[in-house]
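J.: Numbering (this note's numbering), first residue to last: 630 to 1018. Beta carbons: idealized from backbone N, C-alpha and C, even for Gly.
1) Bridge partners of residue 751, per DSSP?
2) What are the start and end residues of each continuous alpha helix (DSSP H) run of 4 or more residues lying completely inside the segment 834–891, in chain order?
3) Which term fits residue 622, buried or exposed, when burial requires 16 or more other beta carbons within 10 angstroms of its beta carbon?
4) Does the ligand ADP have even one heavy atom less than 7 Å from the beta-carbon of residue 756?
5) Using beta carbons (cut-off 8 Å, strictly below), is residue 905 in contact with chain C?
6) Taking C-alpha atoms, which residue in 767, 735, 714 and 698 lies nearest to residue 873?
7) Closest to residue 849 by C-alpha separation, out of 951, 742 and 975, would be which residue?
8) Look at residue 769 and residue 747 and say whether their C-beta atoms are less than 8 Å apart.
9) For the candidate residues 911, 888, 910 and 817, whose alpha-carbon lies nearest to that of residue 1094?
10) Would you give the residue range spanned by the beta strand (DSSP E) that residue 922 belongs to?
11) For residue 959, which option in 939, 880 and 950 has the closest C-alpha, if you only look at C-alpha atoms?
12) In whole angstroms, give me the CA-to-CA distance for residue 805 and residue 841.
13) Here's a check: name, in chain order, each residue in its chain whose Cβ is nearer than 7 Å to the Cβ of residue 744, leaving out the five neighbours to either side.
14) Bridge partners of residue 953, per DSSP?
15) Whole angstroms are fine: how far does the CA of residue 779 sit from the CA of residue 905?
16) Across the segment 849–863 and the segment 753–762, are there enough close Cβ pairs to call them in contact, namely three or more that are closer than 8 Å?
17) Does the segment 934–951 come close enough to the segment 703–717 to have 3 or more Cβ pairs within less than 8 Å?
18) Can you say whether residue 891 is buried or exposed, counting buried as having 16 or more other CB atoms within 10 angstroms of its CB?
19) Beta carbon of residue 902, beta carbon of residue 978: below 8 Å?
20) Which residue from 909, 865, 838 and 757 puts its Cα closest to that of residue 962?
21) Does DSSP put residue 781 in a helix, a strand or coil?
22) Taking 8 Å as the threshold, find out whether the segment 820–840 comes into contact with the segment 726–743 through three or more Cβ pairs.
23) Out of curiosity, what's the CA-to-CA distance linking residue 773 and residue 829?
24) Could you check how far apart the C-beta atoms of residue 788 and residue 839 are, in whole angstroms? I think they sit under 8 Å.
25) Mapping DSSP to helix, strand and coil, what is residue 947?
26) Quick check on the burial criterion: 16 or more other C-beta atoms within 10 angstroms. Buried or exposed for residue 912?
27) Can you look up residue 973 in the DSSP assignment and give me helix, strand or coil?
28) Give the DSSP-derived three-state secondary structure of residue 742 in the structure shown.
29) Please list, in chain order, all residues of the same chain as residue 771 whose beta carbon is under 7 Å from its beta carbon, the five residues on each side excluded.
30) Can you list, in chain order, the residues of its chain with a C-beta nearer than 7 Å to that of residue 968? Leave out the 5 residues immediately preceding and following it.
31) Take the Cβ of residue 1026 as the centre, count every other Cβ of all protein chains shown within 10 Å, and call the residue buried at 16 or more, exposed below.
32) In three-state DSSP terms, what is residue 763?
33) Does the Cβ-Cβ distance between residue 739 and residue 884 come in under 8 Å?
34) Which of helix, strand or coil does DSSP assign to residue 931?
35) In the structure shown, what three-state DSSP assignment does residue 828 receive?
36) How many Å lie between residue 820 and residue 776 at the Cα?
Shown next, in the form of structure tokens:
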């Protein structure tokens, strides 16, 4: 009995110590999460009964939110920086780099006119046909000119015979003594021989002219190019000196870029140029050959009663004058036809230092130049527009 009572007393002390220990843990760790209770139909598990501290989780969430905030700010700053750089480059391309959408393809056109008149008997070309220099375009009726040539040759033979006779007569008079002839008579026969020689020379020139006129009945192309707007037909009458065929000289194409006067400070003779025709993405390569030194000014025209004609303008809005710049074509990509009058976009490329720079230095130069131009204005390139020639 005494032993049993001691055991009960020991059990009560353990329960009291456990309860006091639990109270102490509850007081000292108030931030521990409550123990997950198991469902009534399930036995409690040790994993659900493990307490999870709340303070480290709160610190982790705060750190994650801070990192997200920093990353958002850095991303915003990066996007803003990229936008600024893109704006600077676009500004440099628009203002500092000369370019214009107001351009056109130009060409020399040969107007063909016959040198003799006559009816056209043969037409050896068609509209838009390519012809080479020296090809026969059409032929004029040659009969009349052939007759003229034969007549001129006959006249030449006649006058050569007359010259031969008069030369013999003059020589005989020169061999006679003064008793058989007089000096006056010798001079007369000598003059007749000289006149006959002059007639022979004139007849020879007539033969040459008749021969040239006969050859001119065949009209040849003076250039390589394309026949355009052909309206001539067999049977038409061709008048000497009147143009009836136009040929586009395929070796004379060039591009005129009409640049604003504010961009001429960056245009130099010899600069490389890229030309893009409307409808084609591949550029045509070329270079600047000349810069026009004069354009028409409407205010220079005299109005009624001899008074100056002054156009009204807006005080705050001034349109820049367009100045033609001629671009010689160096290379045409395959598949791009050159048509006179085609619309072109011209962009100038300054290659004086590009080949010697790295991409980083080139980009740095573009940014620095653009910033300088935006602050102090576009700086001219020395030696581009000469003050005198």
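T.: On the basis of the coordinates in this document:
1) 768
2) The qualifying runs do not exist here; there are none.
3) No information on residue 622 is available, as it lies outside the stretch 630 to 1018 that the chain covers here.
4) In the structure shown, the ligand ADP is absent, as is every other ligand, since no ligand is present at all.
5) Any reference to chain C falls outside this structure, which holds one protein chain only.
6) 767
7) 742
8) yes
9) Any property of residue 1094 remains undetermined from this structure, which presents the chain solely from 630 to 1018.
10) Where residue 922 is concerned, there is no enclosing beta strand (DSSP E), given that its DSSP letter is neither H nor E.
11) Closest by alpha carbon: 880.
12) When only Cα atoms are considered, residue 805 and residue 841 end up about 45 Å apart.
13) 845 and 869
14) 887
15) 59 Å
16) A contact between stretches requires three or more CB pairs, one per stretch, nearer than 8 Å, and the segment 849–863 meets this requirement with the segment 753–762.
17) Output reads no: the segment 703–717 does not touch the segment 934–951.
18) exposed
19) yes
20) Ranking 909, 865, 838 and 757 by Cα distance to residue 962 puts 909 first.
21) In this structure, residue 781 counts as helix in the three-state DSSP scheme.
22) By the Cβ test, the segment 820–840 is not in contact with the segment 726–743, since fewer than three Cβ pairs between them sit closer than 8 Å.
23) Residue 773 and residue 829 have their C-alpha atoms some 23 Å from each other.
24) Contact doesn't hold; Cβ gap of about 15 Å is too wide.
25) coil
26) buried
27) Strand, per DSSP.
28) coil
29) 843 and 846
30) Beyond the five residues adjoining it in sequence on each side, residue 968 comes within less than 7 Å, by CB distance, of 734 in the same chain, given in chain order.
31) An answer regarding residue 1026 cannot be provided, because it is not within the stretch 630 to 1018 covered by the chain.
32) coil
33) no
34) In this structure, residue 931 counts as strand in the three-state DSSP scheme.
35) DSSP places residue 828 in helix when its eight states are reduced to three.
36) Near 33 Å, if we compare the C-alpha coordinates of residue 776 and residue 820.
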